[in-house]
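Protein chains in written order, with our numbering: chain A, 2 to 293; chain B, 66 to 297. Where is the CB? At the ideal position from N, CA and C, for every residue including glycine.
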Amino acid sequence: MATLLAVALCGGCGSIQVRKTTNVLDYLYPEGTPAIPARDVTLTLPLRVGLAFAPAGRERTSSSNVFLAGADSPVTEMHKQVLLQRIADAFRGRDSIASVDPIPSAYLQAGGSFANLDQIAASMGVDVVVLLSYDQAQFNETSDWSLTYWTIVGAYIVEGENNQTQTFLDAAVYDIKSRALLFRTAGSDVRGGESTPIETAEALRKASEDSLLAATDDLITKLDAALKEFGRQAVGGTVHGQGTPALDIKPSSEYHGVARFEGGRYAGAAGLGELVLLGLLAAAAWMTRRAA
Amino acid sequence: MTASPSAGASPDAAAGAAPGVASGVASGIARWPWIVATFVACATAISLWPEARAALVYDRGGPPGSIAGGGAGAVAAGPAVWRALSSQLVHDASGMAAIDLGVVLLAGAFLERRDRVLAAAALVLGMLFVALAVLVAGPQLVRYEGASGVGAALFTAAALHVAFTTTSRGARALALAAAAVALAKAAVEQWSGWTWADAHLPPDVRVLPAAHLAGSLAGIVATLAWRARWRS
Chain A
2 MATLLAVALC GGCGSIQVRK TTNVLDYLYP EGTPAIPARD VTLTLPLRVG
52 LAFAPAGRER TSSSNVFLAG ADSPVTEMHK QVLLQRIADA FRGRDSIASV
102 DPIPSAYLQA GGSFANLDQI AASMGVDVVV LLSYDQAQFN ETSDWSLTYW
152 TIVGAYIVEG ENNQTQTFLD AAVYDIKSRA LLFRTAGSDV RGGESTPIET
202 AEALRKASED SLLAATDDLI TKLDAALKEF GRQAVGGTVH GQGTPALDIK
252 PSSEYHGVAR FEGGRYAGAA GLGELVLLGL LAAAAWMTRR AA
Chain B
66 MTASPSAGAS PDAAAGAAPG VASGVASGIA RWPWIVATFV ACATAISLWP
116 EARAALVYDR GGPPGSIAGG GAGAVAAGPA VWRALSSQLV HDASGMAAID
166 LGVVLLAGAF LERRDRVLAA AALVLGMLFV ALAVLVAGPQ LVRYEGASGV
216 GAALFTAAAL HVAFTTTSRG ARALALAAAA VALAKAAVEQ WSGWTWADAH
266 LPPDVRVLPA AHLAGSLAGI VATLAWRARW RS
């Protein structure tokens, strides 16, 4: 009865928002922590990679919808592990990556900063960590069909609620030893749908999970491209170009694979310099003939 | 290591250059540079034939573009070592083929017409040195192609040959400067990673400066060996 009353009262209401966020910077640089300058980076192949969501200490959820009890619940640890496993599976079996291990959230302390990452590196044996953070916003607007909610039956059968879910999933790849951000990228997803007011909480919850999954798939594609770009940059010997920490990638003694951070395509290509030099040679030959 | 002991009417010989050298120049001056021409013809044919390119290119990985891909199978199989040699006949891009083979043809024909044995030695040593550079280039190199290393070997040998055989001081200085600049350019490329030759390459292909450096060194070694043999 209370739900129906709420439905009736809220018919024609404006936008309702549910927001869930975590933040990598809150974890690495909690309030009062001085910025830690990155040192030069040495990556030894094959890499051992850890995957984790930034801890939920600062995870923020908010909702103003009386129907949506539960829709503003944080992303569960079980769901996070599903997403991490999905990313790990996409990057396993590559020559330059020895292992990709999801790290349970319990291992990451809120505001733990790099000291916490050092503990993880020591205990789990990872060199590089991929820290994920997300920002998901869900909007619910009631359409004109909400007038049918007054019939009570309408609240059960008329899909007068327009829902939209926007998800942004960010991945920051850090070399733990040097504290350097190697690269970052993000995946995103936007999806919409309609529901009856009675089903809205469930619809938004499902949309939240599906959208995170789709953003994860998008992130996997973007990570692949970012890894390639990082490899190109690595050839120059720096992390992000001039003025950033030096980067050295070397194989370990037991590594027999191929470092495929970049396309790895090389050519012995002549260019303008060689043509200029040929001109010098021609001039020398001409002078020889002339002298004779 | 002169091509032939026969003397001729070369400018160098006429000007009183060292007999062994002069004879090499003399015997080679009228020759058709068939060694270099054959190399360029083979490389051109291979570069126009996709199946031949795929068979001869040095590629340690899986399909192009599959970064961090390849997988254990590709690594276990690996490319045959001889592909580090044959890949120097492969050019995937027409612009790259035109410039690489143009340099090989011009520098090589110039040298072979002066001294066929030195040209052959520079070409063979160039291919071997570049192949070695490719094999030890490190794990970042997955695929290699191109004849610029051979071009560098032939050019350096040609410049040094002119320097050692000419009687003109100006020509000698110019030729030595050309050889020195070629070597310095390769060294700067190797240690700085900066190259001039990126513009005409496909966007996902990078120059391997070590190939140019190896080629230039091969040219020097070939010329010094040729000179040592002549002196002996």
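CB-CB length for residue i against residue j, believed under 8 Å
i, j, result
"G269 (chain A)", "V195 (chain B)", "6 Å"
"A247 (chain B)", "T221 (chain B)", "5 Å"
"L1 (chain A)", "N141 (chain A)", "With chain A covering 2 to 293 only, the question about residue 1 (chain A) has no answer from this structure."
"D157 (chain B)", "E210 (chain B)", "6 Å"
"L282 (chain A)", "A240 (chain B)", "7 Å"
Residues near residue i in its chain [Cβ-Cβ closer than 7 Å; skip 5 each side]
i, result
"R291 (chain A)", "none"
"V101 (chain A)", "V50, L52, A89, F92, R93"
CA-to-CA distance, residue j to residue i, given in whole angstroms
i, j, result
"G235 (chain B)", "L278 (chain A)", "16 Å"
"V83 (chain A)", "L197 (chain B)", "47 Å"
"L1 (chain A)", "T168 (chain A)", "The requested residue 1 (chain A) is not part of the displayed model; chain A covers only 2 to 293."
"V105 (chain B)", "V270 (chain B)", "22 Å"
"P98 (chain B)", "S257 (chain B)", "36 Å"
"V101 (chain B)", "W147 (chain B)", "20 Å"
"A156 (chain A)", "T166 (chain A)", "22 Å"
"H277 (chain B)", "H226 (chain B)", "19 Å"
"A173 (chain A)", "K207 (chain A)", "26 Å"
"L248 (chain A)", "A202 (chain B)", "17 Å"
"T217 (chain A)", "P56 (chain A)", "18 Å"
"A122 (chain A)", "L132 (chain A)", "13 Å"
"T149 (chain A)", "I199 (chain A)", "13 Å"
"P246 (chain A)", "D41 (chain A)", "5 Å"
Residue-chain proximity (residue i, chain B), Cβ-Cβ < 8 Å
i, result
"T77 (chain A)", "no"
"L133 (chain A)", "no"
"R49 (chain A)", "no"
"L282 (chain A)", "yes"
"M288 (chain A)", "yes"
"R266 (chain A)", "yes"
"A123 (chain A)", "no"
"A89 (chain A)", "no"
Nonlocal neighbours in the same chain, by C-beta distance under 6 Å from residue i, ignoring five residues either side
i, result
"L29 (chain A)", "S114"
"A215 (chain A)", "D190"
"S151 (chain B)", "L121"
Residue i at chain A interface by Cβ criterion, 8 Å
i, result
"I100 (chain B)", "no"
"T231 (chain B)", "yes"
"G191 (chain B)", "no"
"A133 (chain B)", "Model confidence at A133 (chain B) stands at a pLDDT of 34, short of 50, so the residue's coordinates are unreliable and nothing is read from them."
"I164 (chain B)", "yes"
"I285 (chain B)", "no"
"V207 (chain B)", "yes"
"A145 (chain B)", "no"
"S213 (chain B)", "yes"
Beta-carbon spacing of residue i, residue j below 8 Å
i, j, result
"V154 (chain A)", "W146 (chain A)", "no"
"I177 (chain A)", "D128 (chain A)", "yes"
"W22 (chain B)", "L183 (chain B)", "Given a span of 66 to 297 for chain B in the structure shown, any question on residue 22 (chain B) remains unanswerable."
"L171 (chain B)", "V215 (chain B)", "no"
"G188 (chain A)", "K229 (chain A)", "no"
"A243 (chain B)", "A224 (chain B)", "yes"
"S196 (chain A)", "N164 (chain A)", "yes"
"R192 (chain A)", "D171 (chain A)", "no"
"R179 (chain B)", "R266 (chain A)", "no"
"D165 (chain B)", "A110 (chain B)", "no"
"R180 (chain A)", "I37 (chain A)", "yes"
Practice problem: Could you please tell me which residues of the stretch 269 to 280 of chain A, in chain order, have their CB closer than 8 Å to any CB of chain D? | Solution: The structure shown has no chain D; the protein chains it does contain are A and B.
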